[in-house]
Amino acid sequence: MNKSKNSSQINILLRELIKSYRKDSGSNFIDDTNLPVNNSIKEILDLLLEVLFPGYKGIRKITTENVSYIIGSLLCRVRGLLIEQITRTLKHECRLKNSDNSCDCAKNAEAVVASLLDSLIHIRKILQTDVKAAYEGDPAAKSLEEIVISYPGLKAIAIHRIAHELYTLHVPLIPRMMNEIAHSETGIDIHPGAEIGERFFIDHGTGVVIGETTVIGKNVKIYQGVTLGALSFSTDEEGNIIKEIKRHPNILNDVTIYAGATILGNITIGKGSIIGGNAWIKDNVPGGILVGHPYQKNIEKKL
Amino acid sequence: MNKSKNSSQINILLRELIKSYRKDSGSNFIDDTNLPVNNSIKEILDLLLEVLFPGYKGIRKITTENVSYIIGSLLCRVRGLLIEQITRTLKHECRLKNSDNSCDCAKNAEAVVASLLDSLIHIRKILQTDVKAAYEGDPAAKSLEEIVISYPGLKAIAIHRIAHELYTLHVPLIPRMMNEIAHSETGIDIHPGAEIGERFFIDHGTGVVIGETTVIGKNVKIYQGVTLGALSFSTDEEGNIIKEIKRHPNILNDVTIYAGATILGNITIGKGSIIGGNAWIKDNVPGGILVGHPYQKNIEKKL
Amino acid sequence: MNKSKNSSQINILLRELIKSYRKDSGSNFIDDTNLPVNNSIKEILDLLLEVLFPGYKGIRKITTENVSYIIGSLLCRVRGLLIEQITRTLKHECRLKNSDNSCDCAKNAEAVVASLLDSLIHIRKILQTDVKAAYEGDPAAKSLEEIVISYPGLKAIAIHRIAHELYTLHVPLIPRMMNEIAHSETGIDIHPGAEIGERFFIDHGTGVVIGETTVIGKNVKIYQGVTLGALSFSTDEEGNIIKEIKRHPNILNDVTIYAGATILGNITIGKGSIIGGNAWIKDNVPGGILVGHPYQKNIEKKL
Chain F
354 MNKSKNSSQI NILLRELIKS YRKDSGSNFI DDTNLPVNNS IKEILDLLLE VLFPGYKGIR
414 KITTENVSYI IGSLLCRVRG LLIEQITRTL KHECRLKNSD NSCDCAKNAE AVVASLLDSL
474 IHIRKILQTD VKAAYEGDPA AKSLEEIVIS YPGLKAIAIH RIAHELYTLH VPLIPRMMNE
534 IAHSETGIDI HPGAEIGERF FIDHGTGVVI GETTVIGKNV KIYQGVTLGA LSFSTDEEGN
594 IIKEIKRHPN ILNDVTIYAG ATILGNITIG KGSIIGGNAW IKDNVPGGIL VGHPYQKNIE
654 KKL
Chain E
354 MNKSKNSSQI NILLRELIKS YRKDSGSNFI DDTNLPVNNS IKEILDLLLE VLFPGYKGIR
414 KITTENVSYI IGSLLCRVRG LLIEQITRTL KHECRLKNSD NSCDCAKNAE AVVASLLDSL
474 IHIRKILQTD VKAAYEGDPA AKSLEEIVIS YPGLKAIAIH RIAHELYTLH VPLIPRMMNE
534 IAHSETGIDI HPGAEIGERF FIDHGTGVVI GETTVIGKNV KIYQGVTLGA LSFSTDEEGN
594 IIKEIKRHPN ILNDVTIYAG ATILGNITIG KGSIIGGNAW IKDNVPGGIL VGHPYQKNIE
654 KKL
Chain C
354 MNKSKNSSQI NILLRELIKS YRKDSGSNFI DDTNLPVNNS IKEILDLLLE VLFPGYKGIR
414 KITTENVSYI IGSLLCRVRG LLIEQITRTL KHECRLKNSD NSCDCAKNAE AVVASLLDSL
474 IHIRKILQTD VKAAYEGDPA AKSLEEIVIS YPGLKAIAIH RIAHELYTLH VPLIPRMMNE
534 IAHSETGIDI HPGAEIGERF FIDHGTGVVI GETTVIGKNV KIYQGVTLGA LSFSTDEEGN
594 IIKEIKRHPN ILNDVTIYAG ATILGNITIG KGSIIGGNAW IKDNVPGGIL VGHPYQKNIE
654 KKL
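Chains as they are written, first to last, in my numbering: chain F, 354 to 656; chain E, 354 to 656; chain C, 354 to 656.
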């Protein structure tokens with residue numbers, strides 16, 4: 354294939370691509386405002402985790418003398434990045450909603466970021482309880498540091514607590530991007546809408562799914578492969594799924610849910626109950642009981 | 354330990370390593386042609402996703418004026434990288450097969466890349482149907498953009514549709530590398546050999562496995578932890594596994610498969626059927642029915 | 354919000370953060386020695402994998418002439434990085450244990466690294482058996498190269514064999530960091546304490562969990578979603594979990610464990626037995642038998 358043939362193929366392809374960008378909506382961003390940048394959201398999370406767990410990445414040596422400079426400069430940088438990305442996503446939403454341009458997206462972004470920064474001390478406090486719950490709940494954990502620097506469950510809940518704050522501040526897109534960054538790194542998929550109390554511990558974690566309208570109390574422990582999901586979706590008269598309805602479980606305080614259990618629908622698991630591995634729950638469970646999967650004797654066959 | 358002791362340890366180790374490289378085959382690449390570079394394959398996928406969903410990464414601001422320059426330069430770059438990597442893998446295969454050097458691998462690579470580029474418009478069109486299916490199938494989805502920039506299921510199917518094209522063009526190694534790049538990022542493992550129709554939606558996705566000879570129709574929806582696998586492997590007279598036999602399921606149009614279901618063997622799930630969560634299927638399922646796992650009442654015990 | 358307001362918010366936040374860093378322990382690293390750097394541990398693993406599978410990344414073209422220079426320089430670099438990171442983690446532990454400073458952490462780190470390097474030939478040899486087991490056990494595998502450059506199960510076991518060596522040398526933190534780097538990339542979570550024999554093959558792998566005190570024989574094959582876990586945790590008189598007790602399964606030679614099976618507690622699965630998909634095992638299993646989940650006929654309902 355000679356050079357002119359190549360360049361003519363690319364020219365034809367380019368023309369058709371641009372035509373197709375114009376035709377469809379949704380993933381066609383021509384002349385649209387820019388979406389948030391995934392790599393910036395990753396950097397924001399990295400910086401916030403460093404503020405919440407100083408020294409956890411081991412890159413910066415933090416001492417009594419330099420701590421205020423290091424953390425201060427991290428905070429300034431993360432503030433700037435957050436304002437930039439939240440401004441983008443607010444502008445994008447304004448455009449989608451055909452607003453009249455009276456909205457000052459940049460100013461609104463500043464207010465959102467101020468609220469998030471205000472919540473950092475509280476987020477740090479509650480994350481300390483998560484670290485302790487992991488240490489007390491896992492016989493393989495050798496130290497609190499091990500949990501901070503290596504447990505995927507801690508990373509997932511730390512990112513969730515930040516994303517959930519932005520979700521409650523009605524920031525579009527970015528909380529879900531944060532959720533999926535954590536999901537990709539840890540295999541744990543917590544929708545930013547979920548409300549989760551202190552002393553929360555997910556062990557191993559791969560395959561955990563926690564839906565948007567889930568509410569979890571204090572001191573709850575969850576193992577790998579647990580789904581807190583929706584049972585069925587309500588539809589409107591035209592058969593379209595109705596969005597934003599409470600459709601996920603409520604897990605009360607002190608509940609433990611073992612690996613692979615599936616809990617579906619807007620039901621309640623009572624205080625202190627234990628859900629056995631692989632159990633399948635679609636009804637309310639009272640407090641103080643163990644619900645096990647009725648494992649029959651396995652079939653055995655000589656090979 | 355002093356310096357000379359260190360360097361003597363490394364010298365001895367080096368000698369033994371090189372001896373061991375020569376001895377075994379398979380992972381011994383001395384004097385062999387180079388294998389494809391994983392980081393280049395990642396860059397190729399990034400560029401192709403940007404072409405298929407312009408602006409999705411948020412890095413490049415795309416407008417009516419600049420769109421043809423930006424996308425045109427992406428296409429030129431991805432074309433060059435693809436030719437380089439596909440030439441490598443074709444040369445490597447020629448060497449493995451002890452071909453007579455009459456094969457013009459570089460020219461063959463150019464032809465393969467031309468075919469892939471020709472298919473991009475079709476791939477983009479079918480991916481648009483996947484985006485819409487996700488939006489219509491998930492009550493938590495707030496916008497089409499959210500799906501494009503954050504849903505792992507969309508990333509997995511987008512990469513699969515590219516990898517599958519190269520698989521049908523008989524490119525060795527690279528389709529599986531693409532599949533595993535997607536698997537690592539999303540937890541979704543789709544073998545590039547699988548044939549998948551339009552309007553395909555995987556929700557959450559962690560733990561999904563779709564085998565090499567699976568055939569999936571249109572408008573199929575799959576949840577996390579679903580396996581479409583092989584039941585058993587045929588072996589030849591010497592007990593070696595026979596490769597490349599049709600051994601995975603056929604999923605007809607409009608089927609939904611809930612979380613954790615396992616469907617094994619070269620069987621067919623009929624049009625419009627629903628497979629319940631955790632179901633275990635080894636036989637054909639007719640169309641239009643619900644197949645559920647026979648959950649018994651759970652065992653309950655006061656704690 | 355004006356600039357002075359912003360900077361006053363950050364000042365207040367900074368004061369409160371530093372107060373909180375001082376108050377709590379565990380994730381408070383002020384004036385503590387630095388923890389190991391996660392990115393360095395990643396680089397160490399990359400370099401070691403290149404030494405064990407020369408050319409697998411495709412970046413360096415390795416020939417008979419240059420092989421000793423390339424591998425020699427990789428070994429020197431990895432040796433330096435390892436000593437640096439292991440010195441950090443040993444110093445950190447000395448400090449936690451309030452040792453009397455008589456410990457020469459840097460010297461101890463050098464001795465540990467010399468032991469690890471000494472074990473590389475053995476690790477390479479055993480990994481070759483893992484590659485062959487994967488090729489022989491998976492009908493979709495087209496070549497040994499495909500396994501080396503794309504199978505997540507091979508990456509996980511290769512990293513595990515390195516991490517386990519450091520675990521047996523009593524290096525704190527770093528083996529678990531390596532384990533979690535592999536877990537994040539592959540979805541396979543193998544605690545560095547687990548003892549695993551040759552010809553080990555994990556197919557697909559997402560969701561696999563192998564606990565700290567697991568012992569696995571030769572020629573064992575495991576599919577996605579398998580858990581080799583603990584059944585319950587022993588507690589001391591004050592109700593705290595007792596750490597470091599043998600609490601995970603023993604899998605003897607030639608065992609196959611299909612997708613989603615859960616094996617719990619310090620029990621033994623006998624030689625050559627097959628554990629069926631989704632089986633739930635809490636008792637010893639003799640050798641030479643098949644243990645299946647008693648799947649009842651599924652419930653079918655017309656839609």
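Ideal Cβ positions, reconstructed from N, Cα and C, are used throughout, including at glycine. Computed from a predicted structure; not experimentally measured.
Own chain, CB closer than 8 Å to residue i, minus 5 neighbours either side, in chain order
i	result
N651(F)	none
K624(C)	G570, L605, N606, D607, V608, G640, G641
G629(F)	Y611, A614, L643, V644, G645, H646
The beta strand (DSSP E) enclosing residue i, as first and last residue numbers
i	result
E653(E)	652 to 655
L617(C)	615 to 617
L581(C)	580 to 582
D687(F)	This structure leaves residue 687(F) out entirely; chain F is present only between 354 and 656.
G490(F)	Not the beta strand (DSSP E): G490(F) falls in the alpha helix (DSSP H), residues 473 to 490.
I642(C)	642 to 645
I575(E)	574 to 576
Within-8 Å CB hit, residue i to chain C
i	result
R529(E)	yes
N461(F)	no
D399(F)	no
E533(E)	yes
G560(E)	yes
D542(E)	yes
T621(E)	no
8 Å Cβ cutoff, residue i in contact with chain F
i	result
G379(E)	Confidence is the limiting factor: at G379(E) the pLDDT is only 45, short of 50, which leaves the residue's position unreliable, though a coordinate-based value still follows. G379(E) does not count as touching chain F.
P545(E)	no
H557(E)	yes
Q362(E)	no
N651(E)	yes
K655(E)	yes
E565(C)	yes
P389(E)	no
Nonlocal neighbours in the same chain, by C-beta distance under 7 Å from residue i, ignoring five residues either side
i	result
A462(E)	I436, I439, T440, L443
E369(F)	none
F553(E)	D483, A486, I510, I569, V573
Candidates the options, of which the one nearest residue i by Cα
i	options	result
G558(C)	I512(E), D542(E), G546(E), I569(E)	D542(E)
L526(C)	I620(C), V390(C), G625(C)	V390(C)
V484(E)	L469(E), L584(E), W633(E), A509(E)	A509(E)
H536(E)	F553(E), R552(E), A511(E)	A511(E)
F406(C)	N419(C), E396(C), I424(C)	I424(C)
Residues of its chain near residue i, where Cβ-Cβ distance is below 6 Å and the 5 sequence neighbours each way are ignored
i	result
N381(F)	Summary for N381(F): the model assigns pLDDT 46, below 50, so the residue's position carries little reliability, and this model does not support an answer.
G379(E)	Any reading at G379(E) needs caution, since the residue's pLDDT is 45, under 50, leaving its predicted position unreliable; the model's value is listed next. Taken in chain order, the list of residues that qualify is empty.
A459(F)	T440
E518(E)	L469, S472
Minimum Cβ-Cβ distance from residue i to chain E less than 8 Å
i	result
T580(F)	yes
P602(F)	no
M354(C)	Since pLDDT at M354(C) reaches only 49, below the 50 mark, its modelled position is unreliable, and the value read off the structure follows with that caveat. Chain E contact via Cβ: absent.
L526(C)	no
K372(C)	no
I616(F)	no
L434(C)	no
Enclosing alpha helix (DSSP H) for residue i [first to last residue]
i	result
L507(C)	505 to 521
Y422(C)	420 to 449
I534(F)	527 to 539
Interface positions of the region 466 to 478 of chain F facing chain C (Cβ-Cβ less than 8 Å), listed along the chain: A467, L470, D471, L473, I474, R477, K478
Contact set between the region 497 to 526 of chain F and chain E, restricted to residues whose Cβ is under 8 Å from the partner: P525, L526
Short-range partners of chain E found in the region 629 to 640 of chain C, where Cβ spacing is below 9 Å: G630, N631
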